[in-house]
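In our numbering, the protein residues as written are 9 to 318. For reference, the structure is listed below as structure tokens.
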Amino acid sequence: MNDERLLVQEVAPRDGLQIESKWVETADKIALIDGLSACGFTRIEAGSFVSPKAIPALRDGESVFKGIERQEGVIYVALVPNVKGAQRALDANADELNLVMSASQTHNRANMRMSCEASLEGFGDIVALAQGTKAMLNATVATAFGCPFEGHIDEDRVVSIVRAYRELGIDGITLADTTGMANPRQVARLVTRVLEQVPASALTLHFHNTRGLGLANVLAAYNAGARRFDAALGGLGGCPFAPGASGNICSEDLVNMCDEMGIPTGVDLQKLITLSRTLPALVGHDVPGQIAKAGRNCDLHPVPDYVRAI
Ligand code: COA
Ligand code: ZN
Numbered sequence: 009m010n011d012e013r014l015l016v017q018e019v020a021p022r023d024g025l026q027i028e029s030k031w032v033e034t035a036d037k038i039a040l041i042d043g044l045s046a047c048g049f050t051r052i053e054a055g056s057f058v059s060p061k062a063i064p065a066l067r068d069g070e071s072v073f074k075g076i077e078r079q080e081g082v083i084y085v086a087l088v089p090n091v092k093g094a095q096r097a098l099d100a101n102a103d104e105l106n107l108v109m110s111a112s113q114t115h116n117r118a119n120m121r122m123s124c125e126a127s128l129e130g131f132g133d134i135v136a137l138a139q140g141t142k143a144m145l146n147a148t149v150a151t152a153f154g155c156p157f158e159g160h161i162d163e164d165r166v167v168s169i170v171r172a173y174r175e176l177g178i179d180g181i182t183l184a185d186t187t188g189m190a191n192p193r194q195v196a197r198l199v200t201r202v203l204e205q206v207p208a209s210a211l212t213l214h215f216h217n218t219r220g221l222g223l224a225n226v227l228a229a230y231n232a233g234a235r236r237f238d239a240a241l242g243g244l245g246g247c248p249f250a251p252g253a254s255g256n257i258c259s260e261d262l263v264n265m266c267d268e269m270g271i272p273t274g275v276d277l278q279k280l281i282t283l284s285r286t287l288p289a290l291v292g293h294d295v296p297g298q299i300a301k302a303g304r305n306c307d308l309h310p311v312p313d314y315v316r317a318i
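The following block contains the structure:
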């Protein structure tokens, strides 16, 4: 692996659509995921297998996973909250299960309706369930950089949750900033600590741009050695059980930054922009991403006649 390369995992079909109030048809979800596969992503979080009462927008997970055209070399991930979700995801042939628990007890109760201890116990059962299958496992520490209910989250607590995940036998780790409370210095500190336990190839950072610090946090994490980042087309996204939540960092804004800085991602920016421009019609509103509106640096404008005349 090129050690400069920044891996972008697309999460719009999951984090992006879970908070949308307008129902997105199954066929449109499938087309979105197939469109993302064609942009060069190697990882796409394609849906979740959670309670349909909790997240009605993603209640068609089985049909989505069945309908997508799987591209070789692309890992299709499913978010799961419990053993029931893990079984559904395995039955749907998800390549990877992303287990989620919050560092904050309060947010875990709001989001998963259980204590952190109960979540972890369930994760043990999921590890046992997945044994002997092809599915890979990743576990997310949500609210790792701050909680909208509890505020500050102790860094030692995050590090000890990461250790608990690894001791359960879960390889992949995600640190998630659920409501955009992280700042670049905090990110550098925590990434440095977690990279003492987890190789960069297994660590993902998941930032939301709620307070405008998304890409600054990416750079801080990258400079501290992180190489994998979640991002959502158009900057869609947010947790419906976290007050004040708003979109993920925007995939095309991230890829544009990397292109301009000479950091390889393997993602085709022009295709991504074209796909992103279909989002307002799909979700029924404007989306936060900036590059799809502004164009790339190289998308120049014609010189006006009056300027030519001078
Ligand atoms: N998939 C489908 N249905 C599920 C399910 C799953 N993974 N887990 C539970 N259910 C169903 C149960 O079968 C039960 O159905 P019934 O009412 O028809 O009998 C119902 O949901 C309640 O089950 P219970 O185990 O008591 O769940 P709960 O109400 O305590 O909720 C979670 C717990 C984890 C299922 C729910 O809070 C959840 O899905 N949270 C995820 C939220 C989310 O996706 N947040 C954003 C991503 S981080
Ligand atoms: Zn998120």
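Glycine is no exception: its CB is placed at the ideal position from the N, C-alpha and C atoms.
Asked, Found
"Go ahead and label LYS142 buried or exposed: buried means 16 or more other beta carbons lie within 10 angstroms of its beta carbon, across all protein chains shown.", "exposed"
"Could you tell me which residues DSSP puts in a beta bridge with PHE237?", "VAL16 and LEU213"
"Could you give the residue range of the alpha helix (DSSP H) that holds ALA229?", "222 to 231"
"Which full runs of the alpha helix (DSSP H) of 4+ residues lie inside the segment 136 to 213, going along the chain?", "163 to 176 and 192 to 202"
"Just verifying my parser: in three-state terms, what is the DSSP assignment at ALA54?", "strand"
"Mapping DSSP to helix, strand and coil, what is LYS127?", "Per the sequence shown, the amino acid found at residue 127 is Ser instead of Lys. Helix."
"Alpha carbon to alpha carbon, how far is TYR314 from HIS214? Give it in angstroms, no decimals.", "47 Å"
"Just verifying my parser: in three-state terms, what is the DSSP assignment at VAL263?", "helix"
"Which value, in whole angstroms, describes the spacing of the CA atoms of GLY48 and GLU175?", "33 Å"
"Under 8 Å by Cβ, that's how I've got HIS111 and THR151 pegged, so tell me the actual separation to the nearest angstrom.", "The sequence as given places Ala at residue 111; His does not occur at that position. About 5 Å; that satisfies the 8 Å criterion."
"Just jot down, in chain order, the residues whose CB lies closer than 7 Å to any heavy atom of ligand 1.", "GLN26, SER56, PHE57, VAL58, SER59, PRO60, LYS61, ALA62, ILE63, LEU87, VAL88, PRO89, ASN90, LYS92, GLY93, ARG96, VAL108, ASN119, MET120, ARG121, MET122, ALA150, CYS247, PRO248 and PHE249"
"Considering only their Cβ atoms, is the gap separating GLU18 from LEU44 smaller than 8 Å?", "yes"
"Is ALA147 near ligand 2, judged by its Cβ being under 7 Å from some heavy atom?", "no"
"Is the distance from the Cβ of PHE131 to the Cβ of ALA86 below 8 Å?", "no"
"Quick check on DSSP: helix, strand or coil for MET109?", "strand"
"Who are the Cβ neighbours of VAL275 in its own chain at under 7 Å, not counting the five residues just before and after it?", "VAL16, CYS47, GLY48, PHE49 and VAL263"
"Ends of the beta strand (DSSP E) at LEU308?", "Element bounds for LEU308: n/a, residue is neither H nor E."
"Taking 7 Å as the line, does the beta carbon of ASP23 fall inside it for any heavy atom of ligand 2?", "yes"
"For ALA172, is the beta carbon positioned less than 7 Å from some heavy atom of ligand 2?", "no"
"Measuring alpha carbon to alpha carbon, tell me which residue in ARG13, ASP68 and ASP23 is nearest ALA184.", "ASP23"
"Go through its chain and collect everything with a Cβ distance to GLY297's Cβ below 7 Å, but skip five positions before and after it.", "GLY242, GLY243, CYS258, GLU260, ASP261 and SER284"
"How big is the Cα-Cα spacing for ILE27 and ALA62?", "11 Å"
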